[in-house]
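Asks: Would you mind keeping the following structure in view while I ask a few things?
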Amino acid sequence: MIKIYNTLSKKIKDFIPIDKSHIKIYVCGPTVYDKIHIGNARPLVVFDTFVRLLKYKYPKVTYVRNITDVDDKINDRLISEKITLKDLTDKTINDFQKDCKSLNNLYPDYEPRATEHISEMIKMIENLISNEFAYLSKGHVLFNIKKFPEYGSLSNRTLDDMISGSRVEVADYKINSGDFVLWKPSEPNIPGWESPWGRGRPGWHIECSAMSKKYLGVQFDIHGGGADLIFPHHENEIAQSRCANNSNSLANYWMHNGYVNIDNVKMSKSLKNFVSISELLNRFKGEAIRYFLLQSHYRAPLNFSNNSLLEANTSLSSLYRSVEDLSVNGDPDKEILTNLEDDINTPKVFSRLHYLSEQSNKGSIEAAQLLKNSSPILGLLENTSDNWFKTNSFNEDDLSINKLTQRQILELIEKRAYAKIKKDFELADKIRKSLDDEGIVLEDNANGTDWRYK
RNA sequence: GGCCCGAUGGCAGAGUGGUGAUGCAGCGGCCUGCAAAGCCGUUAACAGCGGUUCGAUUCCGCUUCGGGCCUCCA
Numbered sequence: 002m003i004k005i006y007n008t009l010s011k012k013i014k015d016f017i018p019i020d021k022s023h024i025k026i027y028v029c030g031p032t033v034y035d036k037i038h039i040g041n042a043r044p045l046v047v048f049d050t051f052v053r054l055l056k057y058k059y060p061k062v063t064y065v066r067n068i069t070d071v072d073d074k075i076n077d078r079l080i081s082e083k084i085t086l087k088d089l090t091d092k093t094i095n096d097f098q099k100d101c102k103s104l105n106n107l108y109p110d111y112e113p114r115a116t117e118h119i120s121e122m123i124k125m126i127e128n129l130i131s132n133e134f135a136y137l138s139k140g141h142v143l144f145n146i147k148k149f150p151e152y153g154s155l156s157n158r159t160l161d162d163m164i165s166g167s168r169v170e171v172a173d174y175k176i177n178s179g180d181f182v183l184w185k186p187s188e189p190n191i192p193g194w195e196s197p198w199g200r201g202r203p204g205w206h207i208e209c210s211a212m213s214k215k216y217l218g219v220q221f222d223i224h225g226g227g228a229d230l231i232f233p234h235h236e237n238e239i240a241q242s243r244c245a246n247n248s249n250s251l252a253n254y255w256m257h258n259g260y261v262n263i264d265n266v267k268m269s270k271s272l273k274n275f276v277s278i279s280e281l282l283n284r285f286k287g288e289a290i291r292y293f294l295l296q297s298h299y300r301a302p303l304n305f306s307n308n309s310l311l312e313a314n315t316s317l318s319s320l321y322r323s324v325e326d327l328s329v330n331g332d333p334d335k336e337i338l339t340n341l342e343d344d345i346n347t348p349k350v351f352s353r354l355h356y357l358s359e360q361s362n363k364g365s366i367e368a369a370q371l372l373k374n375s376s377p378i379l380g381l382l383e384n385t386s387d388n389w390f391k392t393n394s395f396n397e398d399d400l401s402i403n404k405l406t407q408r409q410i411l412e413l414i415e416k417r418a419y420a421k422i423k424k425d426f427e428l429a430d431k432i433r434k435s436l437d438d439e440g441i442v443l444e445d446n447a448n449g450t451d452w453r454y455k
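What follows is the structure, given as structure tokens:
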């Protein structure tokens, strides 16, 4: 039985699907105006791991992760960089997908773009207006939060709380300070679409409501995203979807991952204290980044540092030693599954991985096989160990950092072997040292000498 | 101001009302020409103060410190 923490009830609950023959999950994807950073990568990896578990447990899972390609931050870029919407978003989406792949994420079943669902959004807004949940004011369409009595239940706040804490001047076209925009007019120089309310663009939240409805229906099992989306994004999504669909639930379970911090402060684009994935991929393997992101519990904050990535790499190496070149042949380890089912307790999973690794090192073939068999559900250890140890080119573009070719390395190993036969240990050690300086470690074993990158 | 979360060994990070995960680092040993890896052993923690209890790191209260949200954000 899968147990997950539900932000709605603030409790860990058994996961009971609407239809156990078909699980439906929606996760908020990126707004594509810039490269993603490691904080953005956390939900991608966490929910990818969770979806792998769901797909193992249930016959059919539909995983939708949207791409928000209409947004005011995007518009700012269009003006400052003098490029078209399509050029900017295509390029950013391309980078995003490359990063996702490097992190070993499976492709979602649907990855809908907001701009391709404008008509669905307009329909939903029209519905909200005709049922008086939304109103027109100075060219804007706004959602009236007082029409939805449960407003605030996800983020655990009341309307009074919000008024007292308001740090933003209330726009004069709003009835209530918390009313949010469904549609707003576009000036001629920024992207816009024709609508019953003139040329304009959707507000931030409506795209997720429209797209989740299209791909998953009015009610689905799980909605996920980063904790910073709880308010206002998900709160507003619930309000507008439930009112438009006249339903008593949008998603039954809401899951939110904690932040990635840097120097114990939340990493965010607005604070400019972020490290992009593509930058990290120049120094670390994607799988090491994935390991790092799963090393702590998904709801806890995770502090980023260079050293933690190095440690993740070392830990992964020790696991890779134990799986060698085994192929997946059977089910994942039971205990790993149990730990994953327990609100995605990946730290416990890792503890078990290292236990299996140790057993494998002591000669247990079963343990090694279990380790390997658990790799598909984690998206880790899917490589061969030879591949893991003999690759140090992290980005495809950076092959040039391989200063020595494999052939040159093997030649040096051979040279050292002769030196060893002649008991010229001084030369042998000199060769070892010179390779070490290039980041290459030699390991003498029964079959001769093997090499790996540090 | 309102609401919320956290404080575990040198670092990272689970968990538990009583036998002290796991990783990285360290120390001793085995192995090795030397290493590396591995194995064996080992050091080391539960912010502070009260309370409940036979017993609390684990439950409750207070204090201190750190962080987050209150319409940019994964």
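For the first sequence, the residue numbers in the working numbering are 2 to 455. Built from N, CA and C at the ideal position, the CB exists for glycine as well.
Just to confirm my understanding: we take Tyr254, look at its own chain, exclude 5 residues before and 5 after, and list those with CB closer than 8 Å. What are they?
Replies: As a working note, residue 254 is residue 253 in the first sequence. The answer, listed in chain order, is Ile5, Asn7, Leu9, Lys14, Phe16, Asp222, Ile223, His224.
Asks: Given this structure, state the Cα-to-Cα distance separating Phe181 from Ile130, to the nearest angstrom.
Replies: Mapped onto the first sequence, residue 181 falls at position 180. Mapped onto the first sequence, residue 130 falls at position 129. Looking at the two C-alpha atoms, the distance is approximately 13 Å.
Asks: For the alpha helix (DSSP H) containing Arg243, name the first residue and the last one.
Replies: Sequence index remark: in the first sequence, residue 243 carries index 242 (1-based). First-last of the alpha helix (DSSP H) with Arg243: 236 to 246.
Asks: Closer than 8 Å is the cut-off here; do at least three beta carbon pairs connect the stretch 272 to 289 with the stretch 234 to 249?
Replies: The stretch 272 to 289 is not in contact with the stretch 234 to 249.
Asks: Within the continuous alpha helix (DSSP H) that includes Trp389, where are the two ends?
Replies: For the purposes of this step, residue 389 is taken as the residue at position 388 of the first sequence. Here the alpha helix (DSSP H) through Trp389 covers 386 to 390.
Asks: For Leu436 and Arg417, I'd like the C-alpha separation in whole angstroms.
Replies: As a first step, residue 436 is located in the first sequence; it is residue number 435 there, counting from the start. As a first step, residue 417 is located in the first sequence; it is residue number 416 there, counting from the start. When rounded, the distance between both Cα atoms is 11 Å.
Asks: Give a yes or no on whether the C-beta atoms belonging to Tyr321 and Phe390 are separated by under 8 Å.
Replies: Locating residue 321 in the first sequence gives position 320, counting from the first residue. Locating residue 390 in the first sequence gives position 389, counting from the first residue. Taking 8 Å as the Cβ cut-off, Tyr321 and Phe390 qualify as a contacting pair.
Asks: Is DSSP giving Gly40 helix, strand or coil here?
Replies: For the purposes of this step, residue 40 is taken as residue 39 along the first sequence, with counting starting at 1. Reduced to three states, the DSSP call for Gly40 is helix.
Asks: List the DSSP bridge partners of Ala252.
Replies: As a first step, residue 252 is located in the first sequence; it is residue number 251 there, counting from the start. Paired residues: Phe221.
Asks: Going residue by residue through the stretch 100 to 188, where are the continuous alpha helix (DSSP H) segments of at least 4 residues, counting only ones entirely within it?
Replies: Correct list: 119 to 131, 160 to 166.
Asks: Roughly how many angstroms lie between the CA atoms of Leu311 and Ser358, to the nearest whole one?
Replies: Counting from 1 along the first sequence, the entry for residue 311 is found at position 310. Counting from 1 along the first sequence, the entry for residue 358 is found at position 357. Their backbone Cα atoms lie some 19 Å apart in a straight line.
Asks: Return the residue from the list Glu151, Phe351, Ser81, Ile75 that minimises the CA-CA distance to Leu235.
Replies: The sequence position of residue 235 within the first sequence is 234, counting from 1. According to the sequence displayed, residue 235 carries His and not Leu. It is Glu151.
Asks: Less than 8 Å separating the beta-carbons of Phe293 and Met268?
Replies: Here residue 293 is taken as the residue at index 292 of the first sequence, counted from 1. Here residue 268 is taken as the residue at index 267 of the first sequence, counted from 1. No; because the gap between Cβ atoms is not below 8 Å, this pair is not in contact.
Asks: Give me the Cα-Cα distance between Leu381 and Gly226, rounded to the nearest whole angstrom.
Replies: Stepping through the first sequence from its first residue, residue 381 is reached at position 380. Stepping through the first sequence from its first residue, residue 226 is reached at position 225. Distance between the alpha carbons of Leu381 and Gly226 is about 22 Å.
Asks: Are the stretch 74 to 81 and the stretch 206 to 221 touching by the rule of at least three beta carbon pairs closer than 8 Å?
Replies: Because the criterion of three Cβ pairs below 8 Å is not met, the stretch 74 to 81 and the stretch 206 to 221 do not touch.
Asks: Could you name the residues that DSSP lists as bridge partners for Ser277?
Replies: Taking the first sequence and counting its residues from 1, the one referred to as residue 277 is at position 276. Paired residue(s): His38.
Asks: Evaluate the contact criterion for the stretch 96 to 111 versus the stretch 35 to 53: three or more CB pairs, one atom per stretch, below 8 Å.
Replies: These segments touch.
Asks: Taking the C-alpha atoms as reference points, what is the distance between Ser401 and Ser319?
Replies: What you label residue 401 is simply residue 400 of the first sequence in a count that begins at 1. What you label residue 319 is simply residue 318 of the first sequence in a count that begins at 1. Reliability of the predicted coordinates at Ser401 is poor, the pLDDT of 45 falling under 50, and no value is obtained from them.
Asks: Enumerate in chain order the residues of its own chain whose CB-to-CB distance from Met122 is below 7 Å, with the five nearest sequence positions on each side excluded.
Replies: In the first sequence, the residue the question calls residue 122 occupies position 121. Counting only Cβ-Cβ distances below 7 Å, and skipping sequence neighbours, we find Pro203, Ile207, Glu208, Ala211.
Asks: Take Val46 and list the residues in its own chain whose beta-carbon comes closer than 7 Å to its own, dropping the five residues that flank it on each side.
Replies: As a working note, residue 46 is residue 45 in the first sequence. Hits under 7 Å: Leu104, Asn106, Arg291, Leu294, Leu295.
Asks: Could you tell me the boundaries of the beta strand (DSSP E) in which Glu195 lies?
Replies: Numbered from 1 along the first sequence, position 194 holds the residue referred to as residue 195. Segment: none, Glu195 is in no beta strand (DSSP E) and carries neither H nor E.
Asks: Going by DSSP, what residues sit across from Glu444 in a beta bridge?
Replies: Residue 444 sits at position 443 when you count from the first residue of the first sequence. Answer by DSSP bridge pairing, in chain order: Asp451.
Asks: For a quick check, are the C-beta atoms of Tyr57 and Ile378 less than 8 Å apart?
Replies: Within the first sequence, residue 57 is the residue found at index 56, counting from 1. Within the first sequence, residue 378 is the residue found at index 377, counting from 1. Yes. Within cutoff.
Asks: Could you give the distance in angstroms between the alpha-carbon of Gln370 and the alpha-carbon of Asn330?
Replies: Walking along the first sequence from the start, residue 370 turns up at place 369. Walking along the first sequence from the start, residue 330 turns up at place 329. Rounded to the nearest angstrom, the two C-alpha atoms are 7 Å apart.
Asks: Using DSSP bridges, identify the partner residues of Lys12.
Replies: By one-based count along the first sequence, residue 12 stands at place 11. Asn7, per the DSSP bridge assignment.
Asks: Could you tell me how far apart the beta carbons of Ile366 and Val350 are, in whole angstroms, since I believe they sit closer than 8 Å?
Replies: Residue 366 sits at position 365 when you count from the first residue of the first sequence. Residue 350 sits at position 349 when you count from the first residue of the first sequence. That pair is no contact at about 21 Å.
Asks: Among the candidates Ser316, Phe51, Asn67, Lys83, whose CA atom is the shortest distance from the CA of Glu342?
Replies: Translated into the one-based positions of the first sequence, residue 342 becomes position 341. Among Ser316, Phe51, Asn67, Lys83, the Cα nearest to that of Glu342 is on Phe51.
Asks: What's the C-alpha gap between Ala420 and Thr406?
Replies: Indexing the first sequence from 1 puts residue 420 at position 419. Indexing the first sequence from 1 puts residue 406 at position 405. Straight-line Cα distance between these residues: approximately 21 Å.
Asks: Reducing DSSP to helix, strand and coil, say where Pro18 ends up.
Replies: For the purposes of this step, residue 18 is taken as residue 17 along the first sequence, with counting starting at 1. Here Pro18 sits in coil by DSSP.
Asks: From the DSSP output, read off the bridge partner residues of Pro203.
Replies: As a position in the first sequence, residue 203 is number 202, starting the count at 1. In DSSP, Pro203 forms a bridge with Trp184.
Asks: Which same chain residues end up closer than 8 Å to Ala301 when comparing Cβ atoms and leaving out the 5 residues on each side of it in sequence?
Replies: To locate residue 301, count along the first sequence from 1; it is residue 300. Result list for Ala301: Gly259, in chain order.
Asks: What's the call for Leu89, buried or exposed, on a 16-neighbour Cβ count within 10 Å?
Replies: Position 88 of the first sequence, counting from 1, holds the residue named residue 89. It is buried - the Cβ of Leu89 has at least 16 other Cβ atoms within 10 Å.
Asks: Evaluate Asn157 with the Cβ neighbour count: other Cβ atoms within 10 Å of its Cβ, from every protein chain shown; 16 or more gives buried, anything less gives exposed.
Replies: Counted from its first residue, the first sequence places residue 157 at position 156. The residue in question, Asn157, is exposed, as its Cβ has fewer than 16 Cβ neighbours within 10 Å.
Asks: Is DSSP giving Asp73 helix, strand or coil here?
Replies: Indexing the first sequence from 1 puts residue 73 at position 72. Reduced to three states, the DSSP call for Asp73 is helix.
Asks: Hey, how far is the Cα of Lys25 from the Cα of Thr63?
Replies: To locate residue 25, count along the first sequence from 1; it is residue 24. To locate residue 63, count along the first sequence from 1; it is residue 62. Cα-Cα distance, rounded: 5 Å.
Asks: Measure the alpha-carbon distance for Val1 versus Pro44 and round it to whole angstroms.
Replies: The requested residue 1 is not part of the displayed model; the chain covers only 2 to 455.
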